[in-house]
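Novice: To start, I am sharing the structure in question, which I have written as structure tokens.
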Amino acid sequence: MPLTISRILHAGYVFNCDGVSIAFDPIFESPFSTNCHSFPAVRFDRGLISQLHFDAVFISHFHDDHCSFDSLTLLPRATPIRLFCVFPELAEWISALGFVDVRPLVLGVPVTVGPFEVIPTRALDADVDSIFQIKAAGLNVLNVVDSWIDDDTLDDLAEYAPWDLVLWPFQTMRELEVIAPSRAAPAPGTLPPEWLDQLRALRPRGVVPSSCQFEMEPWSWYNHAFFPITYEQFAREVTAALDGVQIVRLDPSRSVRFDGATLAEAPSLPWVAPIGEQDVDYDYRPDLPPPSTAEIARHFGALTDPQRERVLHFCRSDLLDQYEALDTPESPYFRKARRWRLTLCDGDDSIHFEYIVHRGHIYRNDEHRGTLAWTTEIPMARLLGALESGEQLTSLYIRINDAVFEPEIEEALAEVDVVADPLIRTLYDGVFGAYQSAQLQRLLRRLGP
């Protein structure tokens, strides 16, 4: 009774054993999360997907690249959904889509589906992520999703070593570095050493370089700045660190059949169609100069007058009200009054707003008083996307502190995390599921009463 594992996209998989199929974090979109295009490129057959009958769908966490309502809505509503999320709203929203069997996962509590035993397990960020142990056909598979593993969990998992197969997130991704590129150090030239230490403890027979499988828009400089690790590098370093390990690259649609002794190619998923060259790899260029935010903004369509007014009203009024409602920032940097400049880029037009930020307070600074101490630039169209659709940092092309400040400001900034940015905090602090909430409202309008 072999186990077949098929790749959907990113962290999405289908496991099949003895006629029972379960899916993990299924994404049936390209692009997903607004601007994450499948890499290598694929096309999804929505008609065939609507006929799928998974015996269960497991969702590891609430991030929109793992739980997207535009993907889930393609599935029959009788599909059992099992999800890990500390916020009960997510299960309620999935039920609002019409799914009739939505249940939370409890860490450490096994879920049995036919021949499968799936154990959701604690990840490093236990309030957000989970990882999965999957047992079937006498095999033990670890799906790390795109999480990090803490020491206690690693000790528990190491007791099951050697693992038959580990799905390991192979790409570090420079999500914060690309929003402050003038202040970011180049990526290390090697894999994180803790990855290799953890893999040695797990002693897997096979490793699938997992997660990622996307790039941004074809014109985006992120494609050469966001992804520092190649498949070739991952395979080379892992095989050098682990004697006898087999690296199994699973591109979208590809399948393998595993019986514990051999790992063989199996028929591809018929509803995921590869497009063009599939043997692709990432191309990190640490010396590539980033384009200006104004140049990036030209790639986005012009806003309508009502859309422009929506963004401008936010900057004039809503931003101030929402920031005042936040908790006092943890960063000591804003314990002093700081002059902040927010720049909206719309083609060749740039609009500047200035504020004074002091602890948990903010007010307009139209007189430009004080020494400039923080800058934020963003394409106006992308700020609209954040406000209207809950877009996340990956698609905003926000640029933080791309300026040279006075020496005392520069010295203080060296100790500040870029996510202390007032706009980022206003958009995201204390906000749960904005992307899925916007998806839900749009889908419910489309589906009708």
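Read the sequence shown against our numbering and you will find it ends at 442, with the numbers running on by one and no gaps.
Where is the CB? At the ideal position from N, CA and C, for every residue including glycine.
State buried or exposed for G131, treating a residue as buried only when at least 16 other CB atoms are found within 10 Å of its CB.
Specialist: With fewer than 16 Cβ atoms within 10 Å of its Cβ, G131 is classed as exposed.
Novice: Identify the continuous beta strand (DSSP E) that holds Y356 and give its terminal residues.
Specialist: H354 to R357 is the span of the beta strand (DSSP E), which, as asked, contains Y356.
Novice: What number of angstroms, rounded off, separates the C-alpha of F446 from the C-alpha of W86?
Specialist: Residue 446 is absent from the model: the chain starts at -6 and stops at 442.
Novice: Taking the Cβ atom as the reference point for each residue, do L262 and S(-1) lie within a distance shorter than 9 Å?
Specialist: A contact, by the Cβ cut-off of 9 Å.
Novice: Label E370 either buried or exposed according to how many other C-beta atoms from any shown protein chain fall within 10 Å of its C-beta, with 16 as the threshold for buried.
Specialist: Flag for E370 reads buried.
Novice: At which residue ranges does the stretch 218 to 289 contain complete beta strand (DSSP E) runs of 3 or more residues, listed in the order of the chain?
Specialist: Counting whole runs of 3 or more residues, the stretch 218 to 289 contains the beta strand (DSSP E) stretches 248 to 251, 256 to 259 and 265 to 267.
Novice: What is the DSSP secondary structure of A143, counted as helix, strand or coil?
Specialist: First, the amino acid is wrong: residue 143 is Asp here, not Ala. D143 falls in the coil class under three-state DSSP.
Novice: Return the residue from the list R331, A266, F37 and P113 that minimises the CA-CA distance to T364.
Specialist: Nearest of R331, A266, F37 and P113 to T364, Cα basis: R331.
Novice: Could you check whether I393 and A173 sit closer than 9 Å to each other, using their CB atoms as the reference points?
Specialist: Yes, Cβ-Cβ distance for A173 and I393 is below 9 Å.
Novice: Would you give the residue range spanned by the alpha helix (DSSP H) that W161 belongs to?
Specialist: No alpha helix (DSSP H) contains W161, which is instead part of the beta strand (DSSP E) from L158 to P162.
Novice: Should P202 go down as buried or exposed, given a rule of 16 or more other Cβ atoms within 10 Å for buried?
Specialist: P202 comes out buried.
Novice: Cα separation between V111 and F307?
Specialist: Rounded to whole angstroms, V111 to F307 spans 45 Å at the Cα level.
Novice: Does the beta-carbon of L(-4), which I'm using as the reference point, lie nearer than 8 Å to any heavy atom of the ligand ZN?
Specialist: In the structure on display, the ligand ZN does not appear, and there are no ligands present to speak of.
Novice: How about W367 and R328: do their beta carbons lie closer than 9 Å?
Specialist: No, they are not a contact pair.
Novice: Pull up the CB-CB distance for G199 and L158, whole angstroms please, since I reckon it's below 8 Å.
Specialist: 5 Å between Cβ atoms; contact.
Novice: S388 lies in the alpha helix (DSSP H); which residues open and close that run?
Specialist: L386 to L389 is the span of the alpha helix (DSSP H), which, as asked, contains S388.
Novice: Are the CB atoms of A4 and N136 nearer to each other than 9 Å?
Specialist: Yes.
Novice: Return the residue from the list M(-6), L117 and V121 that minimises the CA-CA distance to L98.
Specialist: Closest by alpha carbon: V121.
Novice: Along the chain, where does the alpha helix (DSSP H) that runs through Y421 open and close?
Specialist: P415 to Y421 is the span of the alpha helix (DSSP H), which, as asked, contains Y421.
Novice: Looking at V265: is its Cβ nearer than 9 Å to the Cβ of D38?
Specialist: Against a cut-off of 9 Å, the Cβ pair of D38 and V265 comes out as a contact.
Novice: Let me know if P162 comes out buried or exposed under the rule of 16 or more other beta-carbons within 10 Å of its beta-carbon.
Specialist: By the 10 Å Cβ count, P162 comes out buried.
Novice: Would L235 and R193 be called neighbours here (beta carbons separated by less than 9 Å)?
Specialist: Yes, Cβ-Cβ distance for L235 and R193 is below 9 Å.
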